[in-house]
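K.L.:
Dropping the structure in here first, questions after.
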Amino acid sequence: MTETSHRLPFRRALAVAALALLAAACIFAPGKFTSQIDLKKDRSFAFRYTGEILMIPLMKSEKDEAFEPSSCHDEESLEERTCSGDELAQQKTDWEESRAEKKKSDAQAAKMLLGGIDPSNPESGKELADKLRRQAGWNKVEYLGDGKFDVDFAISGKLDHDFIFPTFEGFPMSNPFIQVFARQDGTVRIDAPGFGPQSGSGAMAGMMAGMAQDTTGSDGPTSLADGSFAVFTNGEVLANNTDEGAASASGGKLLSWKVNPRTAAAPTALVKLSR
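What the sequence shown shows, in the working numbering, is residues 5 to 279, in sequence order.
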């Protein structure tokens, strides 16, 4: 049997882990932040996000999983019995090997989706910060450690295309905090799945959920969100899910949402602009 054939089972396991990570898609989460998008009738826009971004795979675990022995049974009667010292030692060895293999496959699967960034390398955060500073809009990117980035992102342009934030060069994918969809009839839909509850489209599942829960506790990383999101427009507000509706503001209307663990639904709005 060739060396390549020996590697196939591991590669399949890695591919499965990568698909689980892809399905979960919760790589980034907001921390403390303020964010706003301005939409004008002429379809010009300006977006800003200031504050913290959390990269879940880089966050350190605050708890160590404890070994819990399995029960032992008599081979003939199948009745439960006290495990011998050797049996307990073997169980712990098997558990440690399985845990180490899972951590290895999880880390390699994450690396596949993080543009080659190794989440087990403590320098990876600084490496990502350097990459982001090269991208347009990232006026400030400072890595604070433990998966936390302090950023100031601002960009403006014309809504003749859709807009998503954040995006990372070299990453096959990342979960969006905000999505703006420009329609041909002049309406614009704003969705902010990254500012919604865990049960929304940005929720964790599968492997990434386990990684995140090991990091931040059973509530997951979205419990760390503490901020606000707003939409300002001089267009016509057709729909929104704010608590109090559109408020009058100088030159237009302002929609605002508080984002925290008690947020009931991800912010969404529909605005009519010119064609």
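We put the CB at the ideal spot given by N, CA and C, even for glycine.
In this text the structure is predicted, and so the values were computed from the model without any measurement.
According to DSSP, simplified to helix, strand and coil, what is E173?
P.N.:
Three-state result, E173: coil.
K.L.:
Considering D164, what are the terminal residues of the alpha helix (DSSP H) in which it resides?
P.N.:
Careful: D164 lies outside any alpha helix (DSSP H) and carries neither H nor E.
K.L.:
Check whether the region 144–154 and the region 121–136 touch, using three or more Cβ-Cβ pairs below 8 angstroms as the test.
P.N.:
With a cut-off of 8 angstroms, the region 121–136 and the region 144–154 count as touching, because enough Cβ pairs lie within range.
K.L.:
Assign E101 to one of three DSSP states: helix, strand, or coil.
P.N.:
Reduced to three states, the DSSP call for E101 is helix.
K.L.:
Starting from A269, follow the alpha helix (DSSP H) in both directions and report where the run begins and ends.
P.N.:
Premise fails: A269 is in no alpha helix (DSSP H) and is neither H nor E.
K.L.:
Terminal residues of the continuous beta strand (DSSP E) containing A133?
P.N.:
Looking at the DSSP string, A133 is not in any beta strand (DSSP E); the run it does join, the alpha helix (DSSP H), is 128–137.
K.L.:
F71: buried (16+ other C-beta within 10 angstroms of its C-beta) or exposed?
P.N.:
Exposed, by the Cβ-count rule.
K.L.:
So P170 packs on F181, CB below 8 angstroms; how close in whole Å?
P.N.:
So it is a contact: roughly 6 angstroms between Cβ atoms.
K.L.:
Confirm, please, whether the CB-CB distance from A270 to D195 is below 8 angstroms.
P.N.:
Yes, they are a contact pair.
K.L.:
Name, in chain order, the residues that DSSP records as bridge partners for P34.
P.N.:
Answer by DSSP bridge pairing, in chain order: I57.
K.L.:
Should A216 go down as buried or exposed, given a rule of 16 or more other Cβ atoms within 10 Å for buried?
P.N.:
Interpretation of A216 is limited by its pLDDT of 44, a score under 50 that renders its predicted location unreliable; no figure is taken from the coordinates.
K.L.:
Looking at C-alpha atoms only, which residue of R85, Q188, R137, A243 is the closest neighbour of A158?
P.N.:
Measuring from the Cα of A158, the nearest candidate turns out to be R137.
K.L.:
Since G149 sits in a beta bridge, which residues does DSSP pair it with?
P.N.:
Bridge partners of G149: K152.
K.L.:
For the beta strand (DSSP E) containing E240, name the first residue and the last one.
P.N.:
From DSSP, the beta strand (DSSP E) with E240 extends over 240–244.
K.L.:
For A33, does the count of other Cβ atoms within 10 angstroms reach 16, so buried, or fall short, so exposed?
P.N.:
So A33 counts as buried.
K.L.:
Would you check if the distance between the CB atom of L163 and the CB atom of F233 is smaller than 8 angstroms?
P.N.:
It is not a contact, given that the beta carbons lie outside the stated cut-off.
K.L.:
Return the residue from the list S254, G256, G55, S260 that minimises the CA-CA distance to E248.
P.N.:
The candidate whose alpha carbon is nearest that of E248 is S260.
K.L.:
Does the beta-carbon of N179 have 16 or more other beta-carbons within 10 angstroms, so that it is buried, or is it exposed?
P.N.:
By the 10 Å Cβ count, N179 comes out buried.
K.L.:
Would you call P197 buried or exposed, if buried means 16 or more other Cβ atoms sit within 10 Å of its Cβ?
P.N.:
Buried is the call here.
K.L.:
For I121, which option in K64, F199, M59, E91 has the closest C-alpha, if you only look at C-alpha atoms?
P.N.:
For the residues K64, F199, M59, E91, the minimum Cα distance to I121 belongs to M59.
K.L.:
With a 10 Å radius around its C-beta and 16 neighbouring C-beta atoms as the bar for buried, classify K107 as buried or exposed.
P.N.:
By the neighbour-count rule (16 or more Cβ atoms within 10 Å), K107 is not buried but exposed.
K.L.:
Quick one: what's got a C-beta closer than 8 angstroms to K44's C-beta in the same chain, skipping five residues either side?
P.N.:
Closer than 8 angstroms at the Cβ level, and outside the excluded window around K44, lie T237, N238, G239, L277.
K.L.:
When you compare each of R47, E56, G141, C30 to T38 by their alpha carbons, which one comes out closest?
P.N.:
Of the listed residues, the one whose Cα sits closest to T38 is E56.
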